[in-house]
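A.B. asks: Here it is, the structure in full.
2 protein chains.
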Amino acid sequence: MTFPPEPAVHRSAPHRSAAIISQGDELTLGQTLDTNSQWLAQQLLGLGIPPAEHVTLPDDRAAIADAFRRLARRIDLIICSGGLGPTADDLTRHALADAADDTLVEDANALDQIRAWFRSRGREMPELNQVQALRPTRGVSLENKHGTAPGLHVTLRVDGRVCDVYCLPGPPRELAPMWETIVAPALRPARTVRTLALHTIGAGESDIAAAMGDLMHRDAVPLVGTTASGGIVSVRIRYEGDEPAAHADALMARTRDAVRDRVGPYVFAEGPGPVGFKLAEAVVDSLRAHRQHVAVVESCTGGMLGSMLADVPGASDVYVGGWITYSNQMKQREVNVPASLFKESGGDTAPGAVSAHVALAMARGGLDRADVDHCLSITGVAGPAGGTSDKPVGTVWVALASRDDGTRVTSHARRFNMAGDRGSIREWASRSALAMLWHRLAGTDVKLLREVDRVDA
Amino acid sequence: MTFPPEPAVHRSAPHRSAAIISQGDELTLGQTLDTNSQWLAQQLLGLGIPPAEHVTLPDDRAAIADAFRRLARRIDLIICSGGLGPTADDLTRHALADAADDTLVEDANALDQIRAWFRSRGREMPELNQVQALRPTRGVSLENKHGTAPGLHVTLRVDGRVCDVYCLPGPPRELAPMWETIVAPALRPARTVRTLALHTIGAGESDIAAAMGDLMHRDAVPLVGTTASGGIVSVRIRYEGDEPAAHADALMARTRDAVRDRVGPYVFAEGPGPVGFKLAEAVVDSLRAHRQHVAVVESCTGGMLGSMLADVPGASDVYVGGWITYSNQMKQREVNVPASLFKESGGDTAPGAVSAHVALAMARGGLDRADVDHCLSITGVAGPAGGTSDKPVGTVWVALASRDDGTRVTSHARRFNMAGDRGSIREWASRSALAMLWHRLAGTDVKLLREVDRVDA
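So the sequences go chain by chain: A and V. Just add 16 to the spot in the first sequence (first one is 1) and you have my numbering. Just add 16 to the spot in the second sequence (first one is 1) and you have my numbering.
Below you can see the structure in the form of structure tokens.
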């Protein structure tokens, strides 16, 4: 005879606390930097379930099962990422079954989904991947629309406490959509939480914070804080408490208005959280509203500015492309920068590749050739080599040429002193170019962060 | 009367295992990304003491003390960072004393050092900082030459096991020198550890794992595992044991050779760890070795491929730039793609912008205009809109045109079915282009991951 399976445990009480587990030898050994834990912590915090602990564990079935049971004794919700791959070192499924005193069974639906995933890419499912369809008998497989690893949901009962466990695939582009579409909607925070972020470009974090003044007091309700990342300063507004939703919303709106009163001209976007807002999106939206087009001419950024624009869905409405004039020859041949501006042909007194003259010539040349309303250009010293005493690493000229009433061309160039390594300098340069165009379209002519010189032409 | 203090515990056995604790609300809440844990893990691994767990805890005295005691039951060495500042939420000192059943005492030396640190900056020590001189009575203060927070060393005895605990300040520029000058020299690794990673491009993780076969058995020595990230599958080889160094090296070499026997044509780089290796770097190196130059012509990637190349320091030796032909007009005007290939002018039977014809014309046009040895082109449907039944989102053609003996032009195009969102499709497309060039330069003509069609021209 077979025993009837033990019934699944259910949890209906709110989730008041959470823990995050990251799983993989490459993480405990420090070979890969764990960014999932931070992302999940931000999501949980945003929902009003503050994480109380993160744990990173190796590919060790017993250690993972122990951690599930240990945390379930005092925590309401565990979010685990990683260890759901098809290979022998992917042990999360087994560890979860161990922690639940359960065994694994093949989920027919999950297997179909994995097979379909491979089929849609013109491949047969390798036998190895079949193991990914396993789930604890009292657990649930969560569909993965972006990869082969289904997630898992199991409710553990340990020492009389009931804890929800969600296991998600490690790759962020699989983890994030599964979190958003399946896990987050299933959670039950105990308190009212509201978050809002106003994203600014052009001013420094301390300037923005100074303008906030009393709004940033530690006992203000809602709380106001700032975060800076790559030139974008986000003002975060957060309410957490027991007020009913409508009152919380009114408090949030009052603070948002006060923030806009103080730093309005710098605000390019407003959204629920500080994660991943793109300045390029605001630029594309604004160009679309103006029915205008943009082209780019890039030197030290090598295509990054164009790539940021192309990253926005529907960018083709406003972005036609451009030129990567990485070599000086490309600058001359493709966008008609006069050879005399370069030291090779113009001699020692020529302004050189990193100069207002060249940046302006690139932007005007691109505007001409591409037949667009705006053209952005970037030329600079990204390092680590190539710096000189008058043009140290981090010196970047960004120019914007625009056709104002469809015919008259105006242009200006700004010099920035960027800090950081090659990657950060290139990123800052690309973002500063987007900031210049965004402020141009918004009609807000502000001095930008790290701007040290300006030439109008 | 006063009792004589309990004697300090000493540990003379080797350190066979380690755990890492990171401490701070800003970390558990996801407001700051924890990079100390990865750094410490790399240091420990390098010494031969593999970390078995990382824990991130909030500013909660009981939770930190619990973690010290829990880990001390099975781990030989705990490295903790953070929580040693002067404010009320810095609780590591107290938690460590709690875990050791000890009390805190002011360390006269440490207090002198803190006072001297302020004096050397022309300031008096604020009263607030005096608390940083506290240490458990049976503990040792560790001098901090780069800040005000002394470290702490305590040896815990829990359930008869003896565990060394080192608490280090959170700021990396204080933590790293204290680790290097005080902690690392005091550790006693028990085992020999070696790590190596072979990075492959072109094959899927399950194909690579299948080729590994018995090498990936859980009891193989050395251990072999795989990690996949953005199309790059890294084969990790790791020896940990009691063999003398020379024998460990021989075992590593034997396994490395066996891995190369099985997946050699896909290996583009080999290094001590999988951290941050860039395919673009391998391409730039290979081009430099061949004394050849490359240009790019990008449509759906919008500059990303060029940006990946420009991200490599010294890329200007081999990379001249290219064209972002995002619009069809740019494709025609800038790199001479015949208008008849597009449906707008060529009619419904024309191959269209996403086709082998257009990809090949882009690559050949760019090769012509830029006067280089190789030109890569990309055209595809990155989504979310724009897919059709015969060209669904994720359909990407990548072409490579090369001038073989300096004159004869050969070219070929490959069609890929990419998965994921717009960003991933663009990233995969850019990496596949790099992979095509890398394999071309290496003389390994393999079918690439997600490649579904090929046209030689």
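Even for Gly, the Cβ is constructed at its ideal location relative to N, Cα and C. Small disclaimer: the values here were computed from a predicted structure and weren't measured.
(1) Does the structure place the region 335-350 of chain A close enough to the region 306-314 of chain A that three or more beta carbon pairs sit under 8 Å?
(2) In the region 328-339 of chain A, which residues sit with their C-beta less than 9 Å from some C-beta in chain V, listed in chain order?
(3) In the DSSP output, which residue or residues are listed as bridge partners for V:Gln39?
(4) Starting from the C-beta of A:Glu69, find all residues in its chain whose C-beta is less than 8 Å away, skip the five residues before and the five after it, and write them out in chain order.
(5) Kindly indicate if chain V contains any beta-carbon less than 7 Å away from that of A:Gly167.
(6) Where A:Ser361 and A:Gly368 are concerned, what is the direct C-alpha to C-alpha distance, given to the nearest angstrom?
(7) Starting from V:Phe358 and walking both ways along the beta strand (DSSP E), at which residues does that stretch end?
(8) Taking all protein chains shown into account, decide if A:Asp258 is buried (16 or more other Cβ within 10 angstroms of its Cβ) or exposed.
(9) For a contact meaning CB atoms closer than 9 Å, what does V:Ala68 contact in chain A?
(10) Can you tell which of V:Phe134, V:Leu357, V:His31, V:Thr51 has the C-alpha that lies nearest to the C-alpha of V:Ala165?
(11) Might you give, ordered along the chain, the residues of its own chain that have their beta carbon closer than 7 Å to the beta carbon of V:Val291, omitting 5 neighbours on each side?
(12) Enumerate in chain order the residues of its own chain whose CB-to-CB distance from A:Leu43 is below 7 Å, with the five nearest sequence positions on each side excluded.
(13) Can you check whether the CB of V:Trp454 is closer than 7 Å to the CB of V:Phe284?
(14) Return helix, strand or coil for A:Val291, following the three-state DSSP convention.
(15) Sort A:Ala445, A:Leu376, A:Leu158 by Cα distance to A:Val6 and report the nearest one.
(16) For the region 396-410 of chain A, list every residue whose C-beta sits within 9 Å of some C-beta in chain V, in sequence order.
(17) Is it right to say A:Glu140 is buried, meaning 16 or more other beta carbons lie within 10 angstroms of its own, or is it exposed?
(18) Any idea if A:Asp277 is buried or exposed, counting beta-carbon neighbours within 10 angstroms, 16 or more meaning buried?
(19) Once you ignore the five residues that flank A:Leu231 on each side, which residues in its own chain have a CB closer than 7 Å to its CB?
(20) Between the beta-carbon of V:Gly217 and the beta-carbon of V:Ala451, is there less than 7 Å?
(21) Would V:Ser440 count as contacting chain A if we go by Cβ distances under 7 Å?
(22) Taking only the alpha-carbon atoms, compute the straight-line gap between A:Pro23 and V:Ser222 and give it to the nearest angstrom.
(23) For the region 128-145 of chain A, which residues have a beta carbon sitting closer than 7 Å to at least one beta carbon of chain V?
(24) If we ignore side chains and look at the alpha-carbon of each, how far apart do V:Asp472 and V:Thr211 end up?
(25) So what does A:Pro166 bridge to, in DSSP terms?
(26) Mind checking whether V:Arg475 and V:Ala57 have CB atoms under 7 Å apart?
(27) A:His502: which of A:Leu392, A:Arg442, A:Val409 sits nearest, CA to CA?
(28) Hey, is the region 158-174 of chain V in contact with the region 182-192 of chain V, meaning 3+ C-beta pairs nearer than 8 Å?
(29) Determine whether the Cβ of A:Pro238 lies closer than 7 Å to any Cβ atom of chain V.
(30) Is the CB of A:Gly319 under 7 Å away from at least one CB in chain V?
(31) So A:Arg304 and A:Asp333 are supposed to be a Cβ contact under 8 Å. How far apart are they, rounded?
(32) Just to check my reading of the structure: V:Leu93 and V:Cys179 have Cβ atoms closer than 8 Å, yes? What is that Cβ distance to the nearest angstrom?
(33) Can you list the beta strand (DSSP E) stretches of 3 or more residues lying completely in the region 180-236 of chain V, in chain order?
(34) List the residues that DSSP assigns as beta-bridge partners of V:Ser418.
(35) Short check: CB of V:Gly396 to CB of V:Val412, under 7 Å?
(36) Taking the alpha-carbon positions, what's the V:Ala261 to V:Thr208 distance?
C.D. replies: In brief:
(1) yes
(2) Within the region 328-339 of chain A, contact with chain V at the beta-carbon level (separation under 9 Å) is assigned to Val328, Pro329, Gly330, Ala331, Ser332, Tyr335, Val336, Gly337, Gly338, Trp339.
(3) Looking up residue 39 of chain V in the second sequence gives position 23. Paired residue(s): V:Leu73.
(4) One-based indexing of the first sequence puts residue 69 of chain A at position 53. For A:Glu69, the CB contacts under 8 Å within the same chain, skipping 5 residues up- and downstream, are Ala35, Ile36, Leu87, Ile91 in chain order.
(5) Within the first sequence, numbered from 1, the residue matching residue 167 of chain A stands at position 151. So no, A:Gly167 is outside the interface.
(6) Taking the first sequence and counting its residues from 1, one reaches residue 361 of chain A at position 345. Taking the first sequence and counting its residues from 1, one reaches residue 368 of chain A at position 352. Take the alpha-carbon of A:Ser361 and the one of A:Gly368: they are about 10 Å apart.
(7) Indexing the second sequence from 1 puts residue 358 of chain V at position 342. Looking at the DSSP string, V:Phe358 is not in any beta strand (DSSP E), and its letter there is neither H nor E.
(8) Sequence index remark: in the first sequence, residue 258 of chain A carries index 242 (1-based). Exposed, by the Cβ-count rule.
(9) Taking the second sequence and counting its residues from 1, one reaches residue 68 of chain V at position 52. Chain A residues near V:Ala68: Thr44, Leu73, Pro74, Asp76, Ala79.
(10) If you number the second sequence from 1, residue 165 of chain V lands on position 149. It is V:Phe134.
(11) Here residue 291 of chain V corresponds to residue number 275 of the second sequence, with the count starting at 1. Low confidence applies to V:Val291: its pLDDT is 47, below 50, so where it sits in the model is not reliable enough to give any reading.
(12) Here residue 43 of chain A refers to the residue found at position 27 when the first sequence is read from its first residue. Asp50, Thr72.
(13) Position 268 of the second sequence, counted from the first residue, corresponds to residue 284 of chain V. Position 438 of the second sequence, counted from the first residue, corresponds to residue 454 of chain V. Taking 7 Å as the Cβ cut-off, V:Phe284 and V:Trp454 qualify as a contacting pair.
(14) Translated into the one-based positions of the first sequence, residue 291 of chain A becomes position 275. With a pLDDT of only 48 at A:Val291, under 50, the local geometry of the prediction cannot be trusted, and no value is derived from it.
(15) Because chain A here runs from 17 to 473, residue 6 of chain A falls outside it and cannot be looked at.
(16) Residues Ala398, Gly399, Pro400, Ala401, Gly402.
(17) As a working note, residue 140 of chain A is residue 124 in the first sequence. Under this definition A:Glu140 is an exposed residue.
(18) Counting from one through the first sequence, the residue named residue 277 of chain A turns up at place 261. Classification of A:Asp277: exposed, given that the 10 Å Cβ count is below 16.
(19) The sequence position of residue 231 of chain A within the first sequence is 215, counting from 1. Excluding positions up to five away in sequence, the list reads Val240, Thr271, Ala274, Val275.
(20) Along the second sequence, one-based indexing puts residue 217 of chain V at 201. Along the second sequence, one-based indexing puts residue 451 of chain V at 435. A small correction: the amino acid at residue 217 of chain V is Ile; Gly does not occupy that position in the sequence shown. Yes, Cβ-Cβ distance for V:Ile217 and V:Ala451 is below 7 Å.
(21) Locating residue 440 of chain V in the second sequence gives position 424, where the first residue counts as 1. Chain A contact via Cβ: present.
(22) If you number the first sequence from 1, residue 23 of chain A lands on position 7. If you number the second sequence from 1, residue 222 of chain V lands on position 206. Each residue's alpha carbon lies about 35 Å from the other.
(23) Arg137, Gly138, Pro142, Leu144, Asn145
(24) To locate residue 472 of chain V, count along the second sequence from 1; it is residue 456. To locate residue 211 of chain V, count along the second sequence from 1; it is residue 195. Cα-Cα distance, rounded: 41 Å.
(25) Residue mapping note: residue 166 of chain A aligns to position 150 of the first sequence, counting from 1. Answer by DSSP bridge pairing: none, since A:Pro166 is not bridged.
(26) This structure leaves residue 475 of chain V out entirely; chain V is present only between 17 and 473.
(27) Absent from the model: residue 502 of chain A. The displayed extent of chain A is 17 to 473, so no value can be given.
(28) yes
(29) The sequence position of residue 238 of chain A within the first sequence is 222, counting from 1. Not an interface residue.
(30) In the first sequence, the residue the question calls residue 319 of chain A occupies position 303. Closer than 7 Å to some Cβ of chain V, the Cβ of A:Gly319 qualifies, so yes.
(31) Counted from its first residue, the first sequence places residue 304 of chain A at position 288. Counted from its first residue, the first sequence places residue 333 of chain A at position 317. That belief holds up - the Cβ atoms of A:Arg304 and A:Asp333 are roughly 5 Å apart, short of 8 Å.
(32) For this step, residue 93 of chain V is matched to residue 77 along the second sequence. For this step, residue 179 of chain V is matched to residue 163 along the second sequence. So it is a contact: roughly 7 Å between Cβ atoms.
(33) 208-217
(34) Counting from one through the second sequence, the residue named residue 418 of chain V turns up at place 402. According to DSSP, V:Ser418 bridges with V:His390, V:Thr426.
(35) Counting from 1 along the second sequence, the entry for residue 396 of chain V is found at position 380. Counting from 1 along the second sequence, the entry for residue 412 of chain V is found at position 396. Yes, these two residues count as a Cβ contact at 7 Å.
(36) As a working note, residue 261 of chain V is residue 245 in the second sequence. As a working note, residue 208 of chain V is residue 192 in the second sequence. Approximately 6 Å between the Cα atoms of the pair.
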